[in-house]
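Each step along the sequence shown adds one to the number in the numbering used here, with nothing skipped, and position 66 is 66.
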Amino acid sequence: MSLFIGFLLPIFLVAIYVFFKFSWSKESKDESGKQILMKAAENAIPIFPTGWLLMEYYHRYIQEISLQLYRDYMGILVCITFIVIGFSIVVLKQKRKQNNSTGLQTQSLREVISYFSYYVGLSCC
1 MSLFIGFLLP IFLVAIYVFF KFSWSKESKD ESGKQILMKA AENAIPIFPT GWLLMEYYHR
61 YIQEISLQLY RDYMGILVCI TFIVIGFSIV VLKQKRKQNN STGLQTQSLR EVISYFSYYV
121 GLSCC
């Protein structure tokens, strides 16, 4: 069990750093930053209750779990939850930057018509 926690701990620390760095930055205060935080939390919310429910069912119906093992599982669930939050923040920030750099900004109608006419072969505008 300590090997599993030893593997998760560095990833957990990086995820905590990403979460706090983003949540304390000015980037998280605007509308898209708030959406990123909400989506990241939305991705991570089901992990802890689902893991806890599975552990309770295992404890009640299959085999009893010691208090030490129960605490280890709770620590692992918390680590996995924050890892998912940190990973989601990084992925959602990259998607937002990619959307901004690919030209999804609003264009004037004249630019859209000129691009269309160029590709179709019409000459107007």
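Backbone N, C-alpha and C define an ideal beta-carbon position, used for all residues, glycine too. Keep in mind that this is a model prediction, so the values were computed, not measured.
DSSP three-state assignment for residue i, whether helix, strand or coil
i      : result
Asp-72 : helix
Pro-46 : coil
Leu-13 : helix
CA-to-CA distance, residue j to residue i, given in whole angstroms
i      : j      : result
Lys-21 : Lys-29 : 12 Å
Ile-45 : Tyr-17 : 19 Å
Ser-2  : Ser-25 : 34 Å
Gly-33 : Glu-27 : 6 Å
Gln-98 : Val-91 : 10 Å
Cβ pair residue i, residue j closer than 7 Å
i      : j      : result
Ile-11 : Ile-83 : yes
Residue i versus the options, residue with shortest Cα-Cα distance
i      : options                         : result
Val-14 : Ile-80, Lys-95, Asn-100, Arg-96 : Ile-80
Leu-9  : Trp-52, Val-78, Lys-93, Ile-36  : Val-78
Glu-42 : Arg-96, Ile-89, Lys-93          : Ile-89
Leu-54 : Ala-40, Leu-67, Met-74, Ile-36  : Met-74
Boundaries of the alpha helix (DSSP H) in which residue i is found, first to last residue
i      : result
Gln-63 : That residue, Gln-63, is in no alpha helix (DSSP H); it is neither H nor E in DSSP.
Cutoff 7 Å: residue i Cβ touching any chain C Cβ
i      : result
Gly-86 : In the structure shown, chain C does not exist; there is a single protein chain.
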